[in-house]
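J.: Residue numbers 65 to 142, in my numbering, belong to the letters of the sequence shown in order.
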Amino acid sequence: DGVRMNIRPFLSVPDVGKRGAGVLRDKPNIKWEKDRGADVPSAPWYNLGPEYGGNKGDRINDHHLSLEEKRLARDKTS
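#1: According to the neighbour-count rule (16 or more other Cβ atoms, all chains shown, within 10 Å of its Cβ), is Asp-126 buried or exposed?
#2: Closer than 7 Å by C-beta to Arg-89: which residues in its own chain qualify, once you throw out the five before and the five after it? Chain order, please.
#3: Of the choices His-128, Pro-108, Gly-121, whose alpha-carbon is the least far from that of Gly-101?
#4: Going by DSSP, what residue range makes up the alpha helix (DSSP H) through Glu-133?
#5: My understanding is that Ser-76 touches Gly-86, with C-beta atoms under 8 Å, so please give their C-beta distance in whole angstroms.
#6: If the criterion is Cβ atoms closer than 8 Å, does the pair Leu-112 and Ile-124 meet it?
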């Protein structure tokens with residue numbers, strides 16, 4: 065999950081060498097399909113699945129929380 069999120073910016077730029085590799089030397093062998101796992105109900109993004117056409121608890125890789133949302137979630141759990 066983390067690998068797909070961290071490597072995405074390097075693959076989203078125009079290809080430099082090999083097709084589909086972006087700025088990397090080789091195209092990585094990454095499974096881009098949906099994650100098998102689900103988030104825990106206490107996660108602040110647990111209810112986002114339906115907004116992206118999925119179910120509650122689905123892992124949404126393209127949703128990025130703002131700093132304010134992260135702070136509110138942290139304060140809520142403390």
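We put the CB at the ideal spot given by N, CA and C, even for glycine.
T.: According to the data block:
#1: Here residue 126 refers to the residue found at position 62 of the sequence shown. Per the 10 Å Cβ criterion, exposed.
#2: Within the sequence shown, the letter at position 25 stands for residue 89. For Arg-89, the CB contacts under 7 Å within the same chain, skipping 5 residues up- and downstream, are Gly-81 in chain order.
#3: Your numbering for residue 101 matches position 37 in the sequence shown. For the options His-128, Pro-108, Gly-121, the alpha carbon positioned closest to that of Gly-101 is the one of Gly-121.
#4: Position 69 of the sequence shown, counted from the start, is the residue given in the question as residue 133. Residues 131–141.
#5: For the purposes of this step, residue 76 is taken as the residue at position 12 of the sequence shown. For the purposes of this step, residue 86 is taken as the residue at position 22 of the sequence shown. About 6 Å separates the two Cβ atoms, so the contact holds.
#6: For the purposes of this step, residue 112 is taken as residue 48 along the sequence shown, with counting starting at 1. For the purposes of this step, residue 124 is taken as residue 60 along the sequence shown, with counting starting at 1. Contact flag set, yes.
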